[in-house]
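Undergrad:
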Amino acid sequence: MIFREYFSAYYITVGKILEALLKGTPTEKELQAIVRKYAFEESAATILPALKQGEWQLMKEDLTTPIRRAPTMPMTLLEKRWLKAVSLDPRIRLFAFPTEGLEEVEPLFTPADYRVFDRYGDGDPYEDETYRRHFRTALEAVKNGKPLFIRMKGRKGNDVCGVCMPYKLEYSEKDDKFRLLTRGNRFVTTLNLAKLTECRLHEGKWENRRGRGPAAQCVVVLEIDDRRNAMERVMFHFAHFKKQAEKIGARKYLLRIWCDQEDDMEMAIRILSFGPMVKVLEPAPMVDLIRKKLIMQKNCGLI
Amino acid sequence: MSAYRELIKNFGRIRAYMREFYVYGFKHREQYAAKSPRSYDDERRRMESWLGDYMSFVRTPEGKNMFLSIDSRRMDHNPLYKAWKAKSFTDGDITLHFILLDILHDPSIALSVGDLLEVMERDYLSSFNSPMVLDESTLRKKLKEYVAEGILTMEKQGRRILYRRAEDKTDLPSRDVLDLFSEISPCGVVGSFLLDRTEERDSPFRFKHHYITGTLESDIMAQLFDAMRKQSSVTVTNVARRTGEPGQFRVVPLRIYLSVQSGRQYLMAYSPEQNRIRGFRLDYLSGVKIEEPTPRFGELRARLDALAPSLWGVFIKDRGGKTEQVSFTVKVGQNEGYIVDRLEREKRTGQVECLAPGLYRFSATVQDAGELRPWIRTFLCRIVSFECSNPRVKEQFLEDLRAMYALYGLGGESV
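Protein sequence lines, in the order shown, are assigned to chains A and B.
157 is the number of the first residue of the first sequence in our numbering; add one for each residue after it.
9 is the number of the first residue of the second sequence in our numbering; add one for each residue after it.
Right under this line is the structure:
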């Protein structure tokens, strides 16, 4: 249903080559650059020879083409059905979304056809007009590299405001929240979008105050005891990190995970969830954190 | 022996290899014994070609381990989508595609098979030294396929069948929409195909806790969604986790269950043979065949809806008739309101109540209390009581806790 040759990198690349041929006479180097940009590492060895040798009869030896117009393909039914499904997602209200032409299209799926069963229950308020306005302003700032003036309630309920330079909107599917990743402010780097009480483009002068740099990373080393399918569960659970695994015994594995240092608390509780099947070996502060939690638990008198 | 090709005909084999390389990544060449070494070399080479930036290796005493290492928080788009863009084709396929859509460049142009063949040969292929020979049946097959995919339309004019380009009444949404939904929506790879139609630029979005491996099941998922839309039964091929043996199951697909905390994806389906609703891991399914519609779809989905309040995950015991009660109490310090917030936002179908200042109890009635154990352990350091109607679950929880103390050298009495 999805695996179709007309969606392939090769078709896209050939389309771009034909477009270039129609615009003029590209050099061999320019054609190779198109292949490098749109296809895979080894594709140059296939695409250009196939065109030149007439296996694909779309380009002649003199680098002209019998094709007369820049190639286009109508949107496929699958693409329309997916777009219709997206139009039913509550998060689409963050955008202006054209639904013209989709009226009669059967969605690929509806919200009733799937369920995310472990998403946190306090996700962002996509129905809230102020939130949506803040989202659009933040998106514009990110896309155009403009500074933002933001105001929010601090931890103690006090009013906090300032100017920052956002560079990405980060979405967590688990939290169902958007966070604004920013630079240039010493006090904030990550802001929960839903917590902003004011968010507007900053028109005045903006001074880069050299905020904190990118989050420092650390390597967490875990030893996995593959009982109760632990190895598979751990590997899946930590799959979204940069990681490296090694088998060190009949049912023992070592897993190195590169993660942001600032997420150490979240990492600790994720590791604890695997119980005795996973032991932290490094770094020492993480081992101490887990030990401290277990000592506190022991003092709760459960056993 | 056929020569290596960068593109592939079937997704099944590369799907298995990519999962091995990305999710696990600790095997060396000889351990892929089930497949031939030649097959391993070819699949590894393909992954290197598609995903070279993400390939890593480590040398161990047993040999060289190649694996995919991707920090999904530091990329804009799922690199595994590249595998869906590596479908092989014949020389005729690609030649026909571009010529056909060039001839039918406007929906006002309608031509028969014969007319199309004539124009193709006269205006396109004749300019080559050895023109490709196109037979009518190949062209008919391609036209039929493109009509089914919505690229072309077909109409009868007297005894003639005419083909024309489908009208593009749908506008492409903004790139922002595609950048976001191609990553967070089911079957997001379709959004990636749409992105390929736009001008490239950096995405304004990043993703945290982003499981990208689910895309390997996109085709299976799309077929299951299609069956649900048609309210049809399906025959699925499920590979048993323990034995590795494939088995066929005829079931009514009712809903896809997605985990955003593990990246796992499940099909919840009714099995007429077992007269119960059960879950199938999508990554264990290797094939889906859509069968005829069933009049029981609505009734069966309502049955799943009725079970939903007692589902913590996907496991349904004893046809859903029996449930288990589980509860635990945590102590919360004066400045630890965030713990209560955590309980509230993570409770799913459970209840949270304040027993006394600084003492909160979570309770739930669920199909399988064992499914809660990992989550409950995330509150270790403050659990003052744990109860479960299934004694085995409680016993295992406490046994695990003792083992954890031992693991970190915390045996003996209170510290």
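Glycine included, every Cβ here is placed at the ideal spot set by N, Cα and C.
From a predicted model like this one, the values you see are computed outputs, not experimental measurements.
Hey, is the segment 399-419 of chain A in contact with the segment 46-53 of chain B, meaning 3+ C-beta pairs nearer than 8 angstroms?
TA: Flag = no, the segment 399-419 of chain A and the segment 46-53 of chain B do not touch.
Undergrad: With a cut-off of 8 angstroms on the beta carbons, I'd call T386 of chain B and S328 of chain A a contact; round off their distance for me.
TA: Residue mapping note: residue 386 of chain B aligns to position 378 of the second sequence, counting from 1. Residue mapping note: residue 328 of chain A aligns to position 172 of the first sequence, counting from 1. Rounded, the Cβ-Cβ distance is 17 angstroms, inconsistent with contact.
Undergrad: Distance, Cα to Cα, S422 of chain B vs L458 of chain A?
TA: For this step, residue 422 of chain B is matched to residue 414 along the second sequence. For this step, residue 458 of chain A is matched to residue 302 along the first sequence. Residue placement at S422 of chain B cannot be trusted, given a pLDDT of 44 that sits under 50; the coordinates are not used to answer.
Undergrad: With distances taken from CA atoms, which of A:A241, A:M433, A:G431 and A:F397 is nearest V31 of chain B?
TA: As a first step, residue 31 of chain B is located in the second sequence; it is residue number 23 there, counting from the start. Closest by alpha carbon: A:F397.
Undergrad: So P301 of chain B contacts chain A; which residues on that side make the cut at Cβ distance below 7 angstroms?
TA: Here residue 301 of chain B refers to the residue found at position 293 when the second sequence is read from its first residue. Residues of chain A passing the Cβ test: none, with the nearest at roughly 14 angstroms.
Undergrad: For the beta strand (DSSP E) containing S371 of chain B, list its first residue and its last residue.
TA: To locate residue 371 of chain B, count along the second sequence from 1; it is residue 363. First-last of the beta strand (DSSP E) with S371 of chain B: L367 to V374.
Undergrad: Assign T181 of chain A to one of three DSSP states: helix, strand, or coil.
TA: Your numbering for residue 181 of chain A matches position 25 in the first sequence. In this structure, T181 of chain A counts as coil in the three-state DSSP scheme.
Undergrad: Using a Cβ-Cβ cutoff of 8 angstroms, what residues of the segment 392-407 of chain A are near chain B? List them in chain order.
TA: Correct list: F392, H393, A395, H396, F397, K398, K399, Q400, A401, E402 and K403.
Undergrad: Quick one, which of B:E14, B:T357, B:I347 and B:G345 has its alpha-carbon nearest L315 of chain B's?
TA: For the purposes of this step, residue 315 of chain B is identified with residue 307 of the second sequence, where counting begins at 1. Residue B:T357 is the option with its Cα nearest to L315 of chain B.
Undergrad: What does P432 of chain A touch in chain B if you count any residue whose Cβ is under 7 angstroms from its own?
TA: Position 276 of the first sequence, counted from the first residue, corresponds to residue 432 of chain A. Result: D408, A411, M412 and L415.
Undergrad: Under 8 angstroms, Cβ to Cβ, is there at least one residue of chain A near S422 of chain B?
TA: Working through the second sequence from its first residue, we reach residue 422 of chain B at position 414. Summary for S422 of chain B: the model assigns pLDDT 44, below 50, so the residue's position carries little reliability; its value from the coordinates is reported in the next sentence. So yes, S422 of chain B belongs to the interface.
Undergrad: Could you pull the start and end residues of the beta strand (DSSP E) that D315 of chain A belongs to?
TA: In the first sequence, the residue the question calls residue 315 of chain A occupies position 159. Segment D315 to S328, the beta strand (DSSP E) holding D315 of chain A.
Undergrad: Helix, strand or coil for M83 of chain B per DSSP?
TA: Working through the second sequence from its first residue, we reach residue 83 of chain B at position 75. Reduced to three states, the DSSP call for M83 of chain B is coil.
Undergrad: Anyone know if the C-beta pair for L349 of chain A and R335 of chain A falls short of 8 angstroms?
TA: Numbered from its first residue, the first sequence carries residue 349 of chain A at position 193. Numbered from its first residue, the first sequence carries residue 335 of chain A at position 179. Taking 8 angstroms as the Cβ cut-off, L349 of chain A and R335 of chain A qualify as a contacting pair.
Undergrad: CB Y278 of chain B to CB F288 of chain B, shorter than 8 angstroms?
TA: Residue numbering aside, residue 278 of chain B sits at position 270 when the second sequence is read from its first letter. Residue numbering aside, residue 288 of chain B sits at position 280 when the second sequence is read from its first letter. Not a contact, by the Cβ cut-off of 8 angstroms.
Undergrad: Going by other Cβ atoms of all chains shown within 10 Å of its Cβ, with 16 needed for buried, is Y12 of chain B buried or exposed?
TA: As a working note, residue 12 of chain B is residue 4 in the second sequence. Label assigned to Y12 of chain B: exposed.
Undergrad: Please name the residue, chosen from A:A386, A:E184, A:P263 and A:V443, that lies closest to K238 of chain B on a Cα-to-Cα basis.
TA: In the second sequence, counting from the first residue as 1, residue 238 of chain B sits at position 230. Ranking the options by Cα distance to K238 of chain B, first place goes to A:P263.
Undergrad: Ignoring anything shorter than 4 residues, give me the alpha helix (DSSP H) runs that lie fully in the segment 338-419 of chain A, in order along the chain.
TA: For the segment 338-419 of chain A, whole alpha helix (DSSP H) runs of length 4 or above, ordered along the chain, are 386-393.
Undergrad: Looking at C-alpha atoms only, which residue of B:R167, B:G341, B:L133 and B:L125 is the closest neighbour of R148 of chain B?
TA: Sequence index remark: in the second sequence, residue 148 of chain B carries index 140 (1-based). The shortest Cα separation from R148 of chain B among B:R167, B:G341, B:L133 and B:L125 belongs to B:L125.
Undergrad: Which first and last residues belong to the alpha helix (DSSP H) in which N460 of chain A is found?
TA: The question about residue 460 of chain A has no answer, for chain A in this structure spans 157 to 459.
Undergrad: If we ignore side chains and look at the alpha-carbon of each, how far apart do Y413 of chain B and R289 of chain A end up?
TA: Counted from its first residue, the second sequence places residue 413 of chain B at position 405. Counted from its first residue, the first sequence places residue 289 of chain A at position 133. Between Y413 of chain B and R289 of chain A, the C-alpha separation is close to 50 angstroms.
Undergrad: By Cβ distance below 8 angstroms, which residues in the same chain neighbour T346 of chain A in space, the five residues on each side in sequence not counted?
TA: Within the first sequence, residue 346 of chain A is the residue found at index 190, counting from 1. So the list reads E326, R335, L336, L337 and T338, once near-sequence residues are dropped.
Undergrad: Under a three-way DSSP split, which group does M423 of chain A fall into?
TA: Residue 423 of chain A sits at position 267 when you count from the first residue of the first sequence. The answer is helix: DSSP assigns M423 of chain A an H, G or I state.
Undergrad: Output yes if chain A places a C-beta closer than 8 angstroms to the C-beta of T373 of chain B; else output no.
TA: Indexing the second sequence from 1 puts residue 373 of chain B at position 365. Closer than 8 angstroms: no.
Undergrad: Roughly how many whole angstroms lie between the Cα atoms of P87 of chain B and I220 of chain B?
TA: Sequence index remark: in the second sequence, residue 87 of chain B carries index 79 (1-based). Sequence index remark: in the second sequence, residue 220 of chain B carries index 212 (1-based). So the two alpha carbons sit approximately 8 angstroms from each other.
Undergrad: Looking at the structure shown, is R275 of chain A part of a helix, part of a strand, or coil, going by DSSP?
TA: Position 119 of the first sequence, counting from 1, holds the residue named residue 275 of chain A. DSSP places R275 of chain A in coil when its eight states are reduced to three.
Undergrad: For a test of the three-state rule: what should DSSP assign to V242 of chain A, helix, strand or coil?
TA: Locating residue 242 of chain A in the first sequence gives position 86, counting from the first residue. Helix.
Undergrad: Could you pull out every residue in the same chain whose Cβ sits closer than 8 angstroms to the Cβ of R27 of chain B, ignoring the five residues on either side in sequence?
TA: Stepping through the second sequence from its first residue, residue 27 of chain B is reached at position 19. Within the same chain, R27 of chain B has close Cβ partners T221, L224 and D291.
Undergrad: What residue does the beta strand (DSSP E) around R258 of chain B start on, and which one ends it?
TA: For the purposes of this step, residue 258 of chain B is identified with residue 250 of the second sequence, where counting begins at 1. Element bounds for R258 of chain B: P254 to L266.
Undergrad: Which same chain residues, not among the five before or five after L119 of chain B, have their C-beta less than 8 angstroms away from its C-beta?
TA: Working through the second sequence from its first residue, we reach residue 119 of chain B at position 111. I111, L112, V127, L170, Y171 and R172.
Undergrad: What's the C-alpha gap between P230 of chain A and G313 of chain A?
TA: The residue given as residue 230 of chain A occupies position 74 in the first sequence. The residue given as residue 313 of chain A occupies position 157 in the first sequence. When rounded, the distance between both Cα atoms is 54 angstroms.
Undergrad: So, does the CB of N343 of chain B fall closer than 8 angstroms to a CB anywhere in chain A?
TA: Along the second sequence, read from residue 1 onward, the residue named residue 343 of chain B stands at position 335. No, its Cβ sits nowhere closer than 8 angstroms to a Cβ of chain A.
Undergrad: Return no unless some Cβ of chain A is closer than 8 angstroms to the Cβ of K297 of chain B.
TA: In the second sequence, the residue the question calls residue 297 of chain B occupies position 289. It does not; no Cβ of chain A falls within 8 angstroms.
Undergrad: Just checking: is the beta-carbon of R447 of chain A within a distance shorter than 8 angstroms of some beta-carbon in chain B?
TA: Looking up residue 447 of chain A in the first sequence gives position 291. By this cut-off, R447 of chain A is an interface position.
Undergrad: Output needed for A377 of chain B: all residues of its chain with C-beta closer than 6 angstroms, excluding positions within five of it in sequence on either side, in chain order.
TA: Along the second sequence, one-based indexing puts residue 377 of chain B at 369. So the list reads E332, V334, C396, N398 and V401, once near-sequence residues are dropped.
Undergrad: Examine chain A for any beta-carbon lying closer than 8 angstroms to the beta-carbon of T331 of chain B, and answer yes or no.
TA: Position 323 of the second sequence holds residue 331 of chain B. So no, T331 of chain B is outside the interface.
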